[in-house]
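In the numbering used here, the protein residues as written are 2 to 529.
Read the structure below first, then the notes.
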Amino acid sequence: MTAAHALSALLAFAQAHGLLAPEDRPWARNLLLDALSYAAPPQPEDAAFASPLPQTAAPLLAALCDDAAARGAIADSPARRELLSARLMGILTPPPSAVAQGFTRIARAKGVQAATDWFYSLCRANNYIQVDAIARNVRFFAPSDYGALEITINLSKPEKDPRDIAALLGAPSVGYPKCMLCVENEGYAGRLDYPARQTLRMLPISLCGQAFHLQYSPYLYYPEHCIVLRDAHQPMAIGPHTFAQLLDFLWQFPHYFIGSNADLPIVGGSILNHDHFQGGRHTFSMQQAPAYARTRHPDASNVDVTLVRWPMTTLRLQSGDARALCALAERVLACWRGYSDESADVLAESGGTPHNTITPIARRHGDTFTLDLVLRNNRATPAHPLGLFHPHADLHHIKKENIGLIEVMGLFILPGRLVGELDALANYLTGARAMTPPQNDEALAQHWPWLQALAQTHGTQNSPGRAQEILRQGLASVCARVLADAGVFKLDTAGKAAMARFLAAAGFAPPKAADGDQSQSSSPISSM
Numbered sequence: 002m003t004a005a006h007a008l009s010a011l012l013a014f015a016q017a018h019g020l021l022a023p024e025d026r027p028w029a030r031n032l033l034l035d036a037l038s039y040a041a042p043p044q045p046e047d048a049a050f051a052s053p054l055p056q057t058a059a060p061l062l063a064a065l066c067d068d069a070a071a072r073g074a075i076a077d078s079p080a081r082r083e084l085l086s087a088r089l090m091g092i093l094t095p096p097p098s099a100v101a102q103g104f105t106r107i108a109r110a111k112g113v114q115a116a117t118d119w120f121y122s123l124c125r126a127n128n129y130i131q132v133d134a135i136a137r138n139v140r141f142f143a144p145s146d147y148g149a150l151e152i153t154i155n156l157s158k159p160e161k162d163p164r165d166i167a168a169l170l171g172a173p174s175v176g177y178p179k180c181m182l183c184v185e186n187e188g189y190a191g192r193l194d195y196p197a198r199q200t201l202r203m204l205p206i207s208l209c210g211q212a213f214h215l216q217y218s219p220y221l222y223y224p225e226h227c228i229v230l231r232d233a234h235q236p237m238a239i240g241p242h243t244f245a246q247l248l249d250f251l252w253q254f255p256h257y258f259i260g261s262n263a264d265l266p267i268v269g270g271s272i273l274n275h276d277h278f279q280g281g282r283h284t285f286s287m288q289q290a291p292a293y294a295r296t297r298h299p300d301a302s303n304v305d306v307t308l309v310r311w312p313m314t315t316l317r318l319q320s321g322d323a324r325a326l327c328a329l330a331e332r333v334l335a336c337w338r339g340y341s342d343e344s345a346d347v348l349a350e351s352g353g354t355p356h357n358t359i360t361p362i363a364r365r366h367g368d369t370f371t372l373d374l375v376l377r378n379n380r381a382t383p384a385h386p387l388g389l390f391h392p393h394a395d396l397h398h399i400k401k402e403n404i405g406l407i408e409v410m411g412l413f414i415l416p417g418r419l420v421g422e423l424d425a426l427a428n429y430l431t432g433a434r435a436m437t438p439p440q441n442d443e444a445l446a447q448h449w450p451w452l453q454a455l456a457q458t459h460g461t462q463n464s465p466g467r468a469q470e471i472l473r474q475g476l477a478s479v480c481a482r483v484l485a486d487a488g489v490f491k492l493d494t495a496g497k498a499a500m501a502r503f504l505a506a507a508g509f510a511p512p513k514a515a516d517g518d519q520s521q522s523s524s525p526i527s528s529m
């Protein structure tokens, strides 16, 4: 594809997707020419470009980047291409005020769901949401003891080029924007060490009178994955205000879920220095997990309270009364912050450092709100220096990072390195490679105990398809173990008894087994 063809097609694509008005085409073309270091169009433009347009702008941007690199207009590296692509699409994207006005106009005329549909389509069309890159991710479901787990292997984020890394040596520290979630990112040109954000568009919203913005994630982990960030750059902090803000969001966006990472290291997300939520339109495995017990609080008779059969300790509150729901959640949080149970390895603090916090997740169905409160504890011990309630060392070959909001709900985001490693491991399970420990290959050696266990169970003469199936199911079993390790009170007799003690401390009635639960025969709850 020639540069002239790609340029004409890109302008036509922008018009077709509502990014560019026809009368703005000459203006936009000139800005694109400047960004591409052209003094004049490479050849006369066909204003009535009629060839079939691609589904996304990515191939057109790739062609223009190829041309720019060939002419020496940019250095040919992934980072330079990303920066130029964002600059080109930023030219074609309406300004933030126009986007906000368009959203409001559609919401008033057709409802908020139609408005988010429009905004989501815009963010896909302008390539802020990296549709083509996301399509490279590996995604599958596999059964576990707690229901199907959703597993993704993330291949969408480009790797750093050594030339770009070298170019950063000695570069001055900029310190702007303060973090990836600051409102100042909107329209920012980016740097080799910081992504371009010319295509980022955010919607201003208010939660309980506080200023926030809503944006979509550029590398979606699930449909309509959105981030709701506070305008002020301040650290994550779970408190009474959190529950009210989550429910206020659901009043405004009833078709989305909304949740928050915990506010402490180890059990929190990757960004703790900027207060934010994550939401979207997706059904997670955790949402479908059944109750194993029920309880009540005497001060909240109109709130249904269940204990969820999910490996991460979850208290589910449901009510049509948002105020009562928030009040009960505040009571649970306040009690949990100061709660210790040494017999269950739970300490509220050590040396003045707090350990207890909550991961809250909210949904709305009609007039009923659901608030899942996941108990978290970030205590570390000599035996588990990365966290007692964190993936244990024997699982680090698959998952070593924090277990944040998304994985709490049963969607795992695993590193891209696993694709090649799993392909290599499959050779052992098909007999193409002898079952001898790999030499001088640390990547495979870290998987060796796991592979031996899989081979002992399934043999080493499997078909290639069967080998992949065994590895995927093995991944799901590891991920289920990860969740169980991160759970504060386990789903065994001792763990359920410990959960009952906490509930008593928070003023709840003794839990009773949920109707139809089949896991209660050995649990003290079944006889309460």
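Note that beta-carbon positions come from the ideal geometry of N, C-alpha and C, so glycine has one too.
Minimum Cβ-Cβ distance from residue i to chain B less than 8 Å
i	result
Arg282	Here chain B cannot be found, since the structure has a single protein chain.
Coil, strand or helix - residue i by DSSP
i	result
His541	Past the edges of the chain, shown from 2 to 529, lies residue 541, and the structure says nothing about it.
Lys128	The question names Lys, but residue 128 in the sequence shown is Asn. It is coil, neither helix nor strand.
Thr296	strand
Phe258	strand
Gln474	helix
Arg192	strand
Glu225	coil
Phe120	helix
Tyr217	strand
Gln246	helix
Asn428	helix
Thr360	strand
Glu350	strand
Gln319	strand
Leu20	coil
Ala515	coil
His234	coil
Glu402	coil
Glu151	strand
Gln469	helix
Nearest neighbour of residue i, chosen from the options [CA to CA]
i	options	result
His214	Asp264, Phe278, Pro255	Phe278
Met2	Gly270, Ala446, Pro55, Leu426	Pro55
Ser78	Asp194, Ala507, Leu251, Asp300	Asp194
Gln18	Ala126, Ala292, Thr360	The amino acid occupying residue 18 in the given sequence is His; Gln does not appear at that position. His18 has its Cα closest to that of Ala126, out of Ala126, Ala292, Thr360.
Ala1	Arg482, Phe509, Asp68	The structure shown has nothing for residue 1, since the chain only spans 2 to 529.
Ala485	Leu504, Ala506, Leu376, Gln211	Leu376
Ala506	Thr461, Ser341, Tyr177	Ser341
Ile259	Ala292, Ser52, Arg365, Ala101	Arg365
Ser261	Ala468, Ala7, Ile404, Cys480	Ile404
Ile206	Ile414, Phe141, Leu230	Leu230
Gln216	Arg202, Tyr223, Leu208	Arg202
Glu443	Arg198, Leu419, Glu343	Leu419
Leu415	Val483, Arg109, Asn155	Asn155
Thr315	Gly281, Leu406, Leu445	Leu406
Ile399	Pro236, Leu452, Ala384	Leu452
His242	Leu455, Ala74, Arg324	Arg324
Gly280	Asp25, Leu150, Tyr223	Tyr223
Met313	Gly475, Ser286, Asp264, Lys179	Ser286
C-alpha gap between residue i and residue j, whole angstroms
i	j	result
Asn428	Asp395	22 Å
Val268	Asn357	10 Å
Glu470	Ser145	14 Å
Asp300	Leu492	27 Å
Ala13	Ala99	20 Å
Ile526	Thr307	Here the model assigns Ile526 a pLDDT of 37, short of 50, so the residue's position is not dependable, and the following value carries that caveat. If you take the alpha carbons of Ile526 and Thr307, they lie about 13 Å apart.
Leu248	Ile362	10 Å
Ala349	Asn378	8 Å
Tyr129	Arg192	16 Å
Ile107	Gln114	9 Å
Pro439	Leu412	31 Å
Ala292	Leu318	11 Å
Ala290	Asp373	11 Å
Assumed close pair residue i, residue j - CB separation to whole angstroms, cut-off 8 Å
i	j	result
Ala5	Pro43	5 Å
Ala477	His391	About 19 Å separates the two Cβ atoms, so there is no contact after all.
Thr117	Val139	The pair is not a contact, with the Cβ atoms about 27 Å apart (cut-off 8 Å).
Tyr257	Arg295	Rounded, the Cβ-Cβ distance is 27 Å, inconsistent with contact.
Leu8	Leu65	7 Å
Assigned exposure category for residue i - 16 Cβ within 10 Å defines buried
i	result
Val175	exposed
Gln519	Only weak support is given to the placement of Gln519: the predicted model assigns it a pLDDT of 47, under 50, and the value that follows is read from those uncertain coordinates. Its Cβ having fewer than 16 others within 10 Å, Gln519 is exposed.
Cys227	buried
Ser271	exposed
Asp276	buried
Lys401	exposed
Trp311	buried
Ala454	exposed
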